Amino acid sequence: MASNIDMRSLKPSQTDMAYWLSAMAPSVVVSRGNTYGKWLVFKHKSKMDELWEEVSKEVESGYLLATGAKVSTMKPNPNATNPEQLVICVYTTLEDIDEVGMRLVNLVKQTIRYKSDEATLAGVYSNRGYKKTTIKTITWKDGKASIVE
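For the sequence shown, the working numbering begins at 237 and goes up steadily by one.
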């Protein structure tokens, strides 16, 4: 007899059942267009559970205008460069990259980077020798966000 697991109760730093946990955006946000890429938020595994709870709540409420989000777990991932860090991916349409990014950076209060789905599908990862894997950065310093192309 299979047991039902409430995926919302799982914490990224406490599960290795899957590579990712996901948060779905409301259908009104998803209908805005196709996903182009994702904002990446890296955090030490000891601090990720609380951050993921905040980000997933804002994705599911529609506040972030993201098309969805996922967070890595403790399951060893061949694309990870640091086993002490986990990553949140917050997906956007092409038109909403900057808006989602500014809302996200003000929520997480740290520098974030944007990676296109095209780069991911092409296998562009830093652990494979690529020096530049992202196309945009929003820095967070002294309580201020700045977009860097």
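We put the CB at the ideal spot given by N, CA and C, even for glycine. Values in this document were obtained by computation on a predicted structure and should not be read as measured data.
- Rounded to the nearest angstrom, the gap between the Cα atoms of T271 and D378 is 31 Å.
- Looking from the CA of F278, the closest CA among Y327, E294, V344 belongs to V344.
- Per DSSP, reduced to three states, the secondary structure at G365 is coil, with no helix or strand assignment.
- By DSSP's assignment, S258 forms a beta bridge with K306.
- Looking only at S297, P262, T347, A381, the smallest Cα-Cα distance to V323 is reached by T347.
- Straight-line spacing of the CA atoms in Y366 and K351 works out to 13 Å.
- Contact annotation, T369 with Y361: C-beta distance approximately 6 Å; criterion of less than 8 Å satisfied.
- No Cβ-Cβ contact shorter than 9 Å links S249 with T317.
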